[in-house]
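Those protein sequences? They're chains W and H, same order as listed. Residues in the first sequence are numbered consecutively from 1014, following this note's numbering. Residues in the second sequence are numbered consecutively from 8, following this note's numbering. For glycine and all other residues, C-beta sits at the position ideal for the given N, C-alpha and C.
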Amino acid sequence: MIAYIIRRLFLLPIVLIGLSLLIFGMMQLLSPYDRLSTYVRDPAQLKQGPEVLKQLMDKYGLNDPIWVQYGRWLNNVIHGNLGYSESANMEVTKAIMRFLPATAQLALFAAIPVVFGGIWLGMVSAVHHNGLIDHTTRIMALTGWSLPTFVMGLLLLMIFYGWLGWFPSGELSNWAARIVDSPQFVRYTGMNAIDAILNGNLAVLGDTLRHLILPVFTLAYVQWALLLRVMRSSMLETLRQDYITTARAKGVAERVVIKKHARANALLPVITIAGVMVAGLLRGVVITETIFNYHGLGLFAVQAAQQLDFSAIIGFALFTGMLMILTNLIVDLLYAYIDPRVKLG
Amino acid sequence: MKKVWLIGLVFVLVLGLMAVAAVKNPDTLVVATIGDQNTMDPAWCYDTASGEVIWNTMDNLFQYDGESTEKLLPMLATVVPTLDNGLITQAPDGTTYIDVPIRKGVKFHDGTELTPEDVEYCIERAMIFDRSGGPSWMFWEPFSGIKYGGIEDCAKDLAGVDDFSKVPPEILKKVYDEWVDPAVEVKPGNIVEFKLPKPYPPLLQILTHGASWSAIYSKAWAISKGAWDGKATTWQNYHDPERENDPLYDSEMGSGPYILTKWDPGVEVTMEAFDDYWAGAPKIKHAVIKTVEEWGTRRLMLESGDADIVYVPRQYLSQVEGMDGVRIITGLPTLSNAVVFFNSGVTEGSKYVGSGQLDGNGIPLDFFADVNVRKAFCYAFDYQTYIDEAWLGQAIQPTGPIVKGLAYYPENSPVYTYDLAKAEEYFKKAYDGQVWAKGFKMTAVYNSGNDQRKTALEILRDNIESLNPKFHIDVVGVQWSSFLDALVGGQMPVYMLGWLADYPDPHNFVSPYMSSTGTFMGFQGDALVNLAKEKFDPLIEKGITQLAPEDRRATYAELQKLAYDYAIDIFPVQATGVHVERTWVKGWYYNPMRPGTDFYSLSKSED
């Protein structure tokens, strides 16, 4: 298995170079002036006339041949520099590190109800096939899957922030932000909730959770619908297998049949989806982050794309590419762990 | 049981009402807005979001008197120089000297005292910094007698080369010794003296609070951070850096009423009151500027009192009208305009001119070189409908490139009105009647996402197409990147852009719109450039070198009239602004030159 992991990890840089070449090539389809718009966002910057545009072209090497630009970029990457993000006003590496903890925190808190809630409800629905619970979860899944995230988010925000004033937008209240920014508060992970626990600051923890509830619910409600339905179908199929009938015929308790015999086997397709969904959560939080003014990686990526911020786009693509590869690897390993029939190598 | 529910409900309602009535976060003022700061370095800053932070953390030599854009008060200076008080003097050769006495006892945020040497350093650093597309031209114009637009122009001229990288080191030193150093000098008596080869009346405004590029910070701190060391022989190493290599881009050491405590780009800026501020400690202790792109979220923040001031786009104004505890102030005249440009020399191969011939299926590349075509377009625009529909009445029609609110604004200059009969008359005159007989087809372009520009071009299209079935105009929106590409490539025959004042003087508007070397004229084709060289340039130079207000007034009235006579562009709109705040915010005032919120003037209290 270790040889398998090493072999997969060796493939990582090759895939990432391929990815970077692809994005680089696509960016070159745009004219140099198109790409210059990253640096010229306002006509006031043209005050010195067209001459200033030539200066900017030279300054950022936009007229250089593609291989020169790619070589320059690759050389920087080898030296640990992913470039400067014009849209985030900081180095790309720094921007990813800045925004990752916020998104990771959101994804982490959302992943718990998504994965466990989805699996559990899917299982319960299958066991109570066509019963009240099954019908209820079907309606919940249907609304979750069909309700656009922005509608759900705005609705929740209007009720719980606008009317009731319980759960505000943003990441922290001003007073909590001041504590978090103070030298006394040690930043271990960049995730406010976990850092608050490690600092023993319950007030900040409470404030963080208060700000997390709505975005987490929005994200989770939309995402777990798919998992619920897959788990339900898989469980139904498993429950029809001969070995389940045999177990029941032998007089094994129904609770044991469900939990020991059926659930583990029904989990196999769910793990594939869950793995991809957790990775997807990290980059698929754009709308939730925008609505709740939650500054994470999704928002960073959208702004970078809108402003043709080349360094940020390619940096983000490499990061998510790496994430997907690692997630797939973990899913494969989990498969082998859960199903002894699967052999890696 | 019912009683318990009822009591509970009343309790929640009372709590809710109390929460709304009381001043929320009384020592903190939160602004929720869009847009993102680019830098904290005054030498780089050329945007209002960054300017807002610099306004609150740094001071300039002068400040505007409240809402006025004409009357100046001293700030770091002790007096405003004038001809009358003898601080502005002129030598027989036209060389103008401006002496500025510097206030004593002003502290930077690190506790060190501000000196005239700091002022000299900051202005000189802005001149040598001169990043591409940056604001340094505003110093080079006055200090070079409008000879150079930047330090590279100066160096190339002195060296007699076309490429700045080929300028030899001895010439680079000469640039500093002969042009940068003499521009600002420290004189005995705590005085800074500015030397101009010829008069340049807007210089004082260029040095006034709101002009981020002339904000003053600590020289010792800047050098310690790795900024220019102040030497004549090293300036080229600090000239036009990439943003990430600018050592001052993310911090400040000004003397303003607030200290920058955190800049989290794209998220928020937090500032704390500077208790040793020379004019007295601020009333608001914590100032926060949050970037909140989503309107719905900003609205809820305002409603709940989590934000005290929010940016409200015009189309959403009705959503805050009548909101409890919210004050709306409308009709605030901005010093900005939006303009429909004509290109008199479209580039060969443009996809926006149809066949490229006057054959009914396109327009010739120099279609707008004919003044009759330009006049016909000006008359075909329905100005009032545009203001009513696209701006919801929150705008006015200025009389030309010089906008209302500027000194010497020619109030009575003639303006084009919506008159289809006149438009028809000029179309019939254009190209000896061929335009009317053959018709034309072309495309007008706006940057997508800007619905006001889209509406303007659609109004123009509908009215012109109604005149003659042979007239066809397509209106297309393109991304800003593609728009820039088409603009620089000279491909668009008709398009829209706008301008926001750098300083409140008519020169800042006639120069970009009417000068042959102005920002926009470079993209409007040879015919209009040649017209500008012949008719406008001499007057523009005359206006900027005149000292007597009456003379300047006459010159700018003449320029405004010429813009009308030659119909160089359509000047349909000057926006008026909107301000929305909680009623517990006290002390807000409007000045169009202020880039955002002046936290120092504000406090929070119940009515």
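### Query
Going straight from the alpha carbon of H/Leu20 to that of H/Gly329, what length do you get?
Position 13 of the second sequence, counting from 1, holds the residue named residue 20 of chain H. Position 322 of the second sequence, counting from 1, holds the residue named residue 329 of chain H. In this prediction, H/Leu20 scores a pLDDT of 47, lower than 50, which makes its location untrustworthy; no coordinate-derived value is stated.
### Task
Say whether chain H places a C-beta atom closer than 7 Å to the C-beta of W/Pro1196.
Here residue 1196 of chain W corresponds to residue number 183 of the first sequence, with the count starting at 1. No, because no Cβ of chain H sits closer than 7 Å to the Cβ of W/Pro1196.
### Beta-carbon neighbours of W/Val1164, restricted to chain H and to distances below 8 Å
For the purposes of this step, residue 1164 of chain W is taken as residue 151 along the first sequence, with counting starting at 1. Within 8 Å Cβ-Cβ: nothing; W/Val1164 doesn't reach chain H, min ~11 Å.
### Message
In whole angstroms, give me the CA-to-CA distance for H/Thr298 and W/Val1193.
### Response
The residue labelled residue 298 of chain H in the question sits at position 291 within the second sequence. The residue labelled residue 1193 of chain W in the question sits at position 180 within the first sequence. Each residue's alpha carbon lies about 19 Å from the other.
#### Entry: CA-to-CA distance, H/Ala280 to H/Leu267, given in whole angstroms
To locate residue 267 of chain H, count along the second sequence from 1; it is residue 260. To locate residue 280 of chain H, count along the second sequence from 1; it is residue 273. So the alpha carbons of these two residues sit roughly 9 Å apart.
### Message
When you compare the stretch 1041–1051 of chain W with the stretch 1071–1089 of chain W, are there three or more beta-carbon pairs, one atom per stretch, that lie closer than 8 Å?
### Response
Look at the beta carbons and you see the stretch 1041–1051 of chain W touching the stretch 1071–1089 of chain W: at least three pairs across the two are nearer than 8 Å.
#### Entry: C-alpha gap between H/Pro511 and H/Gly407, whole angstroms
In the second sequence, residue 511 of chain H corresponds to position 504, counting from 1. In the second sequence, residue 407 of chain H corresponds to position 400, counting from 1. Answer to the nearest angstrom: the Cα atoms are 16 Å apart.
### Message
Taking beta-carbon pairs under 9 Å, can you tell me which members of the stretch 294–311 of chain H lie near chain W?
### Response
Per Cβ criterion, the list reads Val295, Lys297, Thr298, Val299, Glu300, Glu301, Gly303, Thr304, Arg305, Arg306, Leu307, Met308, Glu310, Ser311.
#### Entry: Residue span of the alpha helix (DSSP H) that contains H/Arg468, given as start and end
Translated into positions along the second sequence, residue 468 of chain H becomes position 461. Going by DSSP, H/Arg468 is part of the alpha helix (DSSP H) stretching over 458–474.
#### Entry: Inside the stretch 188–214 of chain H only - beta strand (DSSP E) runs reaching at least 3 residues
Taking only runs of at least 3 residues, the beta strand (DSSP E) segments lying wholly in the stretch 188–214 of chain H are 191–194, 198–203.
### Message
In this structure, how does DSSP classify H/Val107 when only helix, strand and coil are distinguished?
### Response
Within the second sequence, residue 107 of chain H is the residue found at index 100, counting from 1. Three-state DSSP puts H/Val107 in a strand.
### Query
Which whole-angstrom value is the C-beta distance of H/Pro289 and H/Pro320, which I expect to be below 8 Å?
One-based indexing of the second sequence puts residue 289 of chain H at position 282. One-based indexing of the second sequence puts residue 320 of chain H at position 313. The distance from the Cβ of H/Pro289 to that of H/Pro320 is about 29 Å, inconsistent with a contact at the 8 Å cut-off.
### Query
If H/Ala574 and H/Val378 are in contact, beta carbons under 8 Å, what's the gap, nearest whole angstrom?
For this step, residue 574 of chain H is matched to residue 567 along the second sequence. For this step, residue 378 of chain H is matched to residue 371 along the second sequence. Right, their Cβ atoms sit about 6 Å apart.
### Query
Using 8 Å as the Cβ pair cut-off and three pairs as the minimum, do the stretch 384–391 of chain H and the stretch 415–435 of chain H touch?
These segments touch.
### Query
For H/Pro272, which residues in chain W fall below 7 Å Cβ to Cβ?
Taking the second sequence and counting its residues from 1, the one referred to as residue 272 of chain H is at position 265. Within chain W, Ala1101, Asn1102, Met1103 have C-beta atoms less than 7 Å from the C-beta of H/Pro272, given in sequence order.
### Query
For the putative contact between W/Leu1347 and W/Ile1284, defined by C-beta atoms under 8 Å, what is the C-beta separation to the nearest angstrom?
For the purposes of this step, residue 1347 of chain W is taken as the residue at position 334 of the first sequence. For the purposes of this step, residue 1284 of chain W is taken as the residue at position 271 of the first sequence. With a contact defined as Cβ atoms closer than 8 Å, W/Leu1347 and W/Ile1284 qualify at about 5 Å.
### Cβ neighbours of H/Ser455 in the same chain (closer than 7 Å, five flanking residues each side left out)
Residue 455 of chain H sits at position 448 when you count from the first residue of the second sequence. Only Gly484, Val485, Gln486 meet the Cβ criterion.
### Message
Contact criterion: CB-CB distance below 7 Å. Does H/Leu165 meet it with respect to chain W?
### Response
In the second sequence, the residue the question calls residue 165 of chain H occupies position 158. Closer than 7 Å: no.
### Query
Within 7 Å (strictly less), CB to CB, does H/Val495 reach chain W?
Translated into positions along the second sequence, residue 495 of chain H becomes position 488. H/Val495 counts as touching chain W.
### Task
Tell me whether H/Leu342 is buried or exposed, calling it buried when 16 or more other Cβ atoms sit within 10 Å of its Cβ.
Within the second sequence, residue 342 of chain H is the residue found at index 335, counting from 1. By the 10 Å Cβ count, H/Leu342 comes out buried.
### Task
Go through the stretch 1019–1059 of chain W residue by residue and report every complete run of the alpha helix (DSSP H) that reaches 4 residues or more, in order.
Entirely contained in the stretch 1019–1059 of chain W, the alpha helix (DSSP H) runs reaching 4 residues are, in chain order, 1045–1049.
#### Entry: Distance, H/Ala539 Cα to H/Ser357 Cα
As a working mapping, residue 357 of chain H is identified with position 350 in the second sequence. As a working mapping, residue 539 of chain H is identified with position 532 in the second sequence. About 24 Å.
### Length at least 4, wholly inside the stretch 1273–1311 of chain W: the alpha helix (DSSP H) runs in chain order
Within the stretch 1273–1311 of chain W, the complete alpha helix (DSSP H) runs of at least 4 residues are 1276–1296, 1299–1304.
### Message
If I measure Cβ to Cβ from H/Ser57 and keep anything under 6 Å in the same chain, skipping five residues before and after, which residues do I get?
### Response
Within the second sequence, numbered from 1, the residue matching residue 57 of chain H stands at position 50. Same-chain partners within the cutoff: Gln44, Asn45, Thr46.
### Task
From the DSSP output, in three-state form, read off H/Thr604 for me.
The residue labelled residue 604 of chain H in the question sits at position 597 within the second sequence. In the structure shown, H/Thr604 adopts coil according to DSSP, grouped into three states.
### Query
Interface residues of chain H around W/Ser1044 at Cβ under 7 Å?
Within the first sequence, numbered from 1, the residue matching residue 1044 of chain W stands at position 31. At a beta-carbon threshold of 7 Å, the residues of chain H lying near W/Ser1044 are Asp492, ordered along the chain.
### Message
So, at 6 Å on beta carbons, what are the nonlocal neighbours of W/Ala1126 in its own chain, with the 5 sequence-adjacent residues on each side left out?
### Response
Locating residue 1126 of chain W in the first sequence gives position 113, counting from the first residue. Checking the displayed sequence, the identity of residue 1126 of chain W turns out to be Pro instead of Ala. Excluding positions up to five away in sequence, the list reads Ala1233.
### Query
Counting contacts by CB-CB distance shorter than 7 Å, is W/Asp1369 in contact with chain H?
Residue 1369 of chain W lies beyond the range of chain W shown here (1014 to 1358); nothing can be said about it.
#### Entry: Whole-angstrom distance between H/Glu431 and H/Asn537, CA atom to CA atom
Against the second sequence, residue 537 of chain H aligns to sequence position 530. Against the second sequence, residue 431 of chain H aligns to sequence position 424. Distance between the alpha carbons of H/Asn537 and H/Glu431 is about 27 Å.
### Query
If you run the structure through DSSP and keep just helix, strand and coil, what is H/Ile230?
The count along the second sequence starts at 1 and reaches residue 230 of chain H at position 223. H/Ile230 carries a helical assignment under DSSP once its states are collapsed to helix, strand and coil.
### Message
So if I threshold CB-CB distances at 7 Å, which residues from the stretch 139–161 of chain H count as touching chain W?
### Response
Closer than 7 Å at the C-beta level to chain W, one finds these residues of the stretch 139–161 of chain H: Ser139, Gly140, Trp144, Gly156, Gly157.
### Message
Run through chain W and tell me which residues come within less than 8 Å of H/Arg334, C-beta to C-beta.
### Response
Residue numbering aside, residue 334 of chain H sits at position 327 when the second sequence is read from its first letter. H/Arg334 does not reach chain W, its nearest Cβ partner there being about 19 Å away, counting only Cβ pairs nearer than 8 Å.
### Query
With contact counted as at least three CB pairs below 8 Å, one residue from each stretch, are the stretch 1097–1110 of chain W and the stretch 1268–1277 of chain W in contact?
The stretch 1097–1110 of chain W vs the stretch 1268–1277 of chain W: no contact.
### Query
At which residues does the alpha helix (DSSP H) containing W/Asn1212 begin and terminate?
To locate residue 1212 of chain W, count along the first sequence from 1; it is residue 199. Looking at the DSSP string, the run of the alpha helix (DSSP H) that includes W/Asn1212 is 1205–1212.
### Query
Should H/Tyr359 and H/Ile466 be called a contact, given that it needs their Cβ atoms to be closer than 7 Å?
As a position in the second sequence, residue 359 of chain H is number 352, starting the count at 1. As a position in the second sequence, residue 466 of chain H is number 459, starting the count at 1. Cβ atoms of H/Tyr359 and H/Ile466: not closer than 7 Å.
### Separation of W/Tyr1073 from H/Trp147, as counted between CA atoms
The count along the second sequence starts at 1 and reaches residue 147 of chain H at position 140. The count along the first sequence starts at 1 and reaches residue 1073 of chain W at position 60. If you take the alpha carbons of H/Trp147 and W/Tyr1073, they lie about 24 Å apart.
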